[in-house]
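Residue numbers (this note's numbering): 978 to 1102. As structure tokens, the structure follows; a few thoughts come after it.
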């Protein structure tokens, strides 16, 4: 092994470990989200880049919307992973206001092309 190959191997090993640590940090934090309100519904917007419909679970528990995203990395032929920095298992939770009266059975969830998950929870009539 040449000195150049040793250096490249060392950099790759360090980058891989740093990347794994970065992805674990991302997985330990809640998914960034926004809570919006209109006259007839609440809209919760979660960051969900790289997720597909089958990757996402949405639940309503008590007064909170809970989201779990288990996404996967695409295989890119001819490329090796050097820095695996994106978390793959992500959780988020948004608590609705204490006085919110909603109809969670009519809630909808939509993944957008811009990489967000939009959960609409209608207010009770």
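Ideal Cβ placement from N, Cα and C applies to all residues, glycine included.
Quick check on the DSSP output: the beta strand (DSSP E) that includes residue 1014 runs from which residue to which?
Residues 1010-1014.
For the beta strand (DSSP E) that residue 1069 lies in, which residues bound it at each end? 1066-1072
Practice problem: Put residue 1091 into one of helix, strand or coil per three-state DSSP. | Solution: DSSP places residue 1091 outside both helix and strand once states are collapsed to three, so it counts as coil.
Name the DSSP beta bridge partners of residue 1041, please?
1038, 1072
To the nearest angstrom, how far is it from the Cα of residue 1075 to the Cα of residue 1051? 41 Å
Q | beta strand (DSSP E) segment containing residue 1022, residue limits | A | Per DSSP, the continuous beta strand (DSSP E) segment holding residue 1022 begins and ends at 1018-1024.
>> For residue 1027, tell me which candidate among 1094, 1006, 1099, 1078 has the shortest Cα-Cα distance.
In response: 1094
Just the Cα atoms here: how many angstroms apart are residue 1101 and residue 1070? Cα to Cα, residue 1101 sits roughly 21 Å from residue 1070.
Assigned secondary structure, residue 1007 (DSSP; H/G/I helix, E/B strand, else coil)
coil
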